[in-house]
Amino acid sequence: MPQSKSYPRVAITRTVRLPDPSRAALYRRAPELGPKILFFSGGTALRHLSETLIEYTSNSIHLITPFDSGGSSAVLRRAFAMPAVGDLRNRIMALADRSITGNPAVFELFAFRLPKDASQEELALRLSRLISGDDPLIRRVPDPLRKIIRTHLRFFEERRPASFDLRGASIGNCILTGGYFNYNRMLDPVIYLFMQLVEARGVVRPIVNADLHLACELADGRVLMGQHRMTGKEGAPIDSPIARLWLTADLEDPSPVTVRIRDKTDKLIRQADVICFPYGSFYSSLLANLLPQGVGDAIVAAGCPKIYIPNLGHDPEQCGLTVAGQTARLLAALETGCVRSCRREDLLRFVAVDSRGGRYDAPLDLTALRRLGVEVLDVPLARDDNPAQADSRKVAELLLSLA
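As structure tokens, then:
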């Protein structure tokens, strides 16, 4: 049997413009050849960036947290003991090609929620009309996607407990849940199927395919169980900084559990052209993605630029953390996830800020940032009309310039 050839690998350095419009223009002409920019994220913070990025690359990678315990995800998770699918659904649709015939109807259907003020009987009837193909929302979806959606909704309905509360249910989440059961409680096949059907440009994966929850300890000693209690979206924001974050098996028992990323997730990280730790909920979206074993070691093994883009504006989870404080927490989380000691630059090389046009929760201290051993990129990031929000075009062109 012939042996496979082993080719030498070398590290090279180059000087780049930040941003580099010519590089962005090159990728825009051939997005199918675009770079594998990998994001650790969750929620909706990267929706606009994802929609912009598909103009430049069809190969971005999105590792999403499946630990959400609020909203309609909470109802699904209680009923079916499964990972959260809402953030996965959002990212799939953000990466979908809106120019494809039928996709606008799919967007409308996936975004539709059953009314909160209707009776359970009325809601069950509406769901049955979607399954039968009689509802106007499903009739607008072309075949074969319509048949696949109806089949997955039927799988959902067959497993729905009689006590399941349909008020406010996301139809997109119900479709993915039905697919989850159709594929023997595996998320990857149903994600892949729908990404192919809506021609989504990129890769979307849960960081782990496990039914787990987030827990945290605040600086004042209180323990909060569940992501929904950390974010400030469904209740009062936290009034004490988060001191520690971990995974649990359920919302009643704070005992920590461990889980390891799969080999294919490890491979995605190691083969990335750029790794981005993006803005969004700092603990429940970003640091939560780094909790599974194997993430830190895979990041170290990836021979590519690694960049952190902190939040512009307010994130309730940060509770007074400066950008330097966030970076220190990020580095600590990355180092904790490594089996062996490593160089900091192999975990995180760059931190991008916009000191001129951006608005941050706390004053920027670039000297304190540099003392952490990272290279500060002070570049335009904020929207011209809103300094508290990132401009997706500016962020995309920065990341493309690093690839």
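Each residue of the sequence shown is one higher than the one before, starting from -17 at the first, in my numbering.
C-beta: ideal position from N, C-alpha, C; glycine also.
Keep in mind it's a predicted model, so treat the numbers as computed, not measured.
{"Check": "Taking only runs that begin and end inside the stretch 90 to 151, name each unbroken alpha helix (DSSP H) of 4 or more residues, in chain order.", "Outcome": "102 to 114, 118 to 121, 127 to 141"}
{"Check": "Report the CB separation of Ile289 from Leu20 in whole angstroms; it is logged as a contact under 8 angstroms.", "Outcome": "Going by Cβ atoms, the distance from Ile289 to Leu20 rounds to 11 angstroms, so no, they are not a contact pair."}
{"Check": "Using a threshold of 9 angstroms, state whether the C-beta atoms of Glu379 and Ala61 are closer than that.", "Outcome": "no"}
{"Check": "Compute the distance between the beta-carbons of Gly150 and Gly53, then report whether it is under 9 angstroms.", "Outcome": "yes"}
{"Check": "Determine, using beta carbons only, whether Gly217 and Arg211 come nearer to each other than 9 angstroms.", "Outcome": "yes"}
{"Check": "What residue ranges within the stretch 292 to 335 form continuous beta strand (DSSP E) runs of no fewer than 3 residues, ordered along the chain?", "Outcome": "332 to 335"}
{"Check": "Roughly how many angstroms separate the alpha carbons of Glu14 and Ser40, rounded to a whole number?", "Outcome": "5 angstroms"}
{"Check": "Below 8 angstroms on the Cβ atoms is my contact criterion, and I expect Cys320 with Asp279 to pass it. Report the Cβ-Cβ distance as a whole number of Å.", "Outcome": "6 angstroms"}
{"Check": "Looking only at its chain, what residues have a beta carbon closer than 7 angstroms to the beta carbon of Asp147, apart from the 5 residues adjacent to it on each side?", "Outcome": "Val57"}
{"Check": "Go to Ser42, then tell me how far its beta strand (DSSP E) extends in each direction, as first and last residue.", "Outcome": "Per DSSP, Ser42 belongs to no beta strand (DSSP E) and is neither H nor E."}
{"Check": "Give the DSSP-derived three-state secondary structure of Leu359 in the structure shown.", "Outcome": "strand"}
{"Check": "For the alpha helix (DSSP H) containing Gln371, name the first residue and the last one.", "Outcome": "Premise fails: Gln371 lies in the beta strand (DSSP E), 368 to 372, not in any alpha helix (DSSP H)."}
{"Check": "When the distance is taken between beta carbons, is Thr309 closer than 9 angstroms to Val333?", "Outcome": "yes"}
{"Check": "Could you name the residues of the same chain whose beta carbon sits closer than 7 angstroms to that of Arg111, not counting the 5 residues immediately before and after it, in chain order?", "Outcome": "Asp117"}
{"Check": "Pick out whichever of Ala144, Ser145, Ile173, Pro143 has its Cα sitting closest to the Cα of Ile157.", "Outcome": "Ile173"}
{"Check": "Please name the residue in Leu91, His134, Gln102 whose C-alpha comes closest to that of Arg122.", "Outcome": "Leu91"}
{"Check": "Could you tell me the boundaries of the beta strand (DSSP E) in which Cys198 lies?", "Outcome": "195 to 200"}
{"Check": "Using 8 angstroms for Cβ pairs, my map puts Ala182 next to Ile43. What's the rounded Cβ distance?", "Outcome": "Contact flag wrong, Cβ pair sits at about 12 angstroms."}
{"Check": "Output the residue ranges of the alpha helix (DSSP H) runs that lie fully inside the stretch 212 to 298 and measure 4 residues or longer, sorted by chain position.", "Outcome": "245 to 252, 277 to 283"}
{"Check": "Can you tell me whether Leu105 is buried or exposed? The criterion is at least 16 other CB atoms within 10 Å of its CB, across all chains shown.", "Outcome": "buried"}
{"Check": "List the endpoints of the continuous beta strand (DSSP E) containing Met207.", "Outcome": "205 to 207"}
{"Check": "Quick one: Cα of Arg325 to Cα of Arg353, how far?", "Outcome": "15 angstroms"}
{"Check": "Out of curiosity, what's the CA-to-CA distance linking Ala315 and Arg252?", "Outcome": "18 angstroms"}
{"Check": "Count the other CB atoms within 10 Å of the CB of Met177; is the residue buried (16 or more) or exposed (fewer)?", "Outcome": "buried"}
{"Check": "Kindly list the residues whose CB is nearer than 8 angstroms to the CB of Arg167, restricted to its own chain and excluding five residues on each side of it in sequence; keep chain order.", "Outcome": "Met64"}
{"Check": "Can you give the Cα-Cα distance for Pro345 and Leu351, rounded to whole angstroms?", "Outcome": "12 angstroms"}
{"Check": "What does a CB cutoff of less than 6 angstroms around Thr304 pick up in its chain, not counting 5 residues either side in sequence?", "Outcome": "Ala344"}
{"Check": "Whole angstroms is fine: what's the gap from Gly115's alpha carbon to Lys129's?", "Outcome": "8 angstroms"}
{"Check": "Find the nearest neighbour of Ser263 within the set Tyr9, Thr47, Ala192, judged by alpha-carbon distance.", "Outcome": "Thr47"}
{"Check": "Does DSSP put Tyr162 in a helix, in a strand, or in coil?", "Outcome": "helix"}
{"Check": "Locate the beta strand (DSSP E) running through Arg412, then write down its first and last residues.", "Outcome": "Given that the chain is displayed from residue -17 to residue 385, the structure contains no residue 412 and the question cannot be resolved."}
{"Check": "Helix, strand or coil for Tyr38? Go by DSSP, reduced to three states.", "Outcome": "coil"}
{"Check": "Taking DSSP as the reference, what is the three-state secondary structure of Ala182?", "Outcome": "strand"}
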